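These notes are about the structure you will find just below.
Protein chains: 2
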Amino acid sequence: MSEKGSLICSVNVVDQEKIQKLEQILPDKEMTKKMAEIFKALADPTRLHIVQALLEEELCVCDISAVVNLSISAISHQLRLLRTMHIVKFRKQGKMVYYSLDDDHITLLVQTALEHVQEKTGESVRA
Amino acid sequence: MSEKGSLICSVNVVDQEKIQKLEQILPDKEMTKKMAEIFKALADPTRLHIVQALLEEELCVCDISAVVNLSISAISHQLRLLRTMHIVKFRKQGKMVYYSLDDDHITLLVQTALEHVQEKTGESVRA
DNA sequence: CTTTCATTTGAATACTTGTTCAAATGTAAT
DNA sequence: ATTACATTTGAACAAGTATTCAAATGAAAG
Numbered sequence: 001m002s003e004k005g006s007l008i009c010s011v012n013v014v015d016q017e018k019i020q021k022l023e024q025i026l027p028d029k030e031m032t033k034k035m036a037e038i039f040k041a042l043a044d045p046t047r048l049h050i051v052q053a054l055l056e057e058e059l060c061v062c063d064i065s066a067v068v069n070l071s072i073s074a075i076s077h078q079l080r081l082l083r084t085m086h087i088v089k090f091r092k093q094g095k096m097v098y099y100s101l102d103d104d105h106i107t108l109l110v111q112t113a114l115e116h117v118q119e120k121t122g123e124s125v126r127a
Numbered sequence: 001m002s003e004k005g006s007l008i009c010s011v012n013v014v015d016q017e018k019i020q021k022l023e024q025i026l027p028d029k030e031m032t033k034k035m036a037e038i039f040k041a042l043a044d045p046t047r048l049h050i051v052q053a054l055l056e057e058e059l060c061v062c063d064i065s066a067v068v069n070l071s072i073s074a075i076s077h078q079l080r081l082l083r084t085m086h087i088v089k090f091r092k093q094g095k096m097v098y099y100s101l102d103d104d105h106i107t108l109l110v111q112t113a114l115e116h117v118q119e120k121t122g123e124s125v126r127a
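Residue numbers (UniProt numbering), protein chains in the order written: chain A, 1 to 127; chain B, 1 to 127.
Here it is, written out as structure tokens:
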């Protein structure tokens, strides 16, 4: 943000038009920020693990803690994050709290990422 | 990871079977970690912005810096990260270095995230 | 060879984030 | 009320990360 203005390189001067065209097409900064937040929610192994488990079935905090093998407290903290991101929803029943996925898009995102990694890892993709 | 073992809550004891079934179905930890890394690559506004721009066309570092409105140095650092993640590839031509997307899955991920945000923001989704 | 310019790199800094521990809710049972 | 238990919360600490600045490459041109 400093070497701009007078110090614009020749290429930028030439392609100023290209830059402006891109700025028009691209989603605005707010949109990009929100998209980044979705990715960020899935960017932590613990949270992704939680989401993967909830992809299968509804689970209580205790269950999740067992599957992910992390303290109840740590899980609860992460669940709060996923809650505020509208990725999971919850349902109280007695002392227990049951969590499930709130959003359908998440499934597609996780699936796509899985395919990507499988391909890059050289795993056979048929079936 | 501490209140486990002897202190397992009654629910877990009952559903121990459920937990084991989940552990079988779910991708192993290595896979989950790799998936999280893909998401992490897209989890930063700056990097996502770069990727969105490259979705449209091949660009040099200078161009990207102009579009994202951040110092050349900052962009170069992020590009290195995207490079090691195999998300972008580059091509040298004289003094300039041109970057483009290395992976097809990224497009789908970004599109899905965009749709998700648009829905949650209450934007009309037709067309 | 020296200068110029696009890009990269390394160190430093400020900021963010995941986990832990201890304490607080809140619900159900004795 | 008191106890037991599932979950949440807040503070604190360690680890990770994005950006900046200054310096280093490396390629083309004078």
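Note that the Cβ used here is the ideal one computed from N, Cα and C, for glycine as well. Owing to the predicted nature of the structure, the values given are computational and were not obtained by experimental measurement.
C-beta contact flag for residue i and residue j at 8 Å
i	j	result
residue 113 (chain B)	residue 85 (chain B)	no
residue 98 (chain A)	residue 55 (chain A)	no
residue 49 (chain B)	residue 32 (chain A)	yes
residue 88 (chain A)	residue 75 (chain A)	no
residue 46 (chain B)	residue 68 (chain B)	yes
residue 36 (chain A)	residue 43 (chain B)	yes
Nearest-angstrom beta carbon gap, residue j and residue i [assumed within contact, 8 Å]
i	j	result
residue 38 (chain A)	residue 116 (chain B)	6 Å
residue 83 (chain A)	residue 90 (chain A)	7 Å
residue 52 (chain B)	residue 27 (chain A)	7 Å
residue 109 (chain B)	residue 109 (chain A)	6 Å
residue 132 (chain B)	residue 29 (chain A)	A question about residue 132 (chain B) goes unanswered here, because the residues of chain B that appear run from 1 up to 127.
Exercise. What residues from the stretch 56 to 75 of chain A come within 9 Å of chain B, judged by C-beta to C-beta, listed N to C?
Worked result: For chain B, the residues of the stretch 56 to 75 of chain A that bring a beta carbon within less than 9 Å of one of its beta carbons are 56, 57, 59, 60, 62, 63, 65, 66, 67, 69, 70, 71, 72, 73, 74, in chain order.
Exercise. Residue ranges of each alpha helix (DSSP H) run of no fewer than 4 residues wholly in the UniProt domain "HTH arsR-type" (27 to 121) of chain B, ordered along the chain?
Worked result: Listed in chain order, they are 29 to 42, 45 to 56, 61 to 68, 72 to 84, 105 to 120.
Problem set entry | the stretch 35 to 54 of chain B: positions lying closer than 7 Å to chain A by Cβ | Taking 7 Å as the Cβ-Cβ cut-off against chain A, the residues of the stretch 35 to 54 of chain B that qualify are 35, 36, 38, 39, 40, 42, 43, 44, 45, 48, 49, 52, 53.
Exercise. If contact means a Cβ-Cβ distance below 9 Å, which residues of the stretch 108 to 123 of chain B contact chain A?
Worked result: Only those residues of the stretch 108 to 123 of chain B whose C-beta falls short of 9 Å from the nearest C-beta of chain A are listed: 108, 109, 110, 112, 113, 114, 115, 116, 117, 118, 119, 120, 121.
Exercise. Any residues in the stretch 16 to 27 of chain B with a beta carbon nearer than 9 Å to a beta carbon of chain A? Which ones, in chain order?
Worked result: Answer set for the stretch 16 to 27 of chain B: 16, 18, 19, 21, 22, 23, 25, 26, 27.
Problem set entry | Residues in the stretch 84 to 105 of chain A having any Cβ partner in chain B nearer than 8 Å | Within the stretch 84 to 105 of chain A, the residues whose Cβ lies closer than 8 Å to some Cβ of chain B are 86, 96, 103, 105, listed in chain order.
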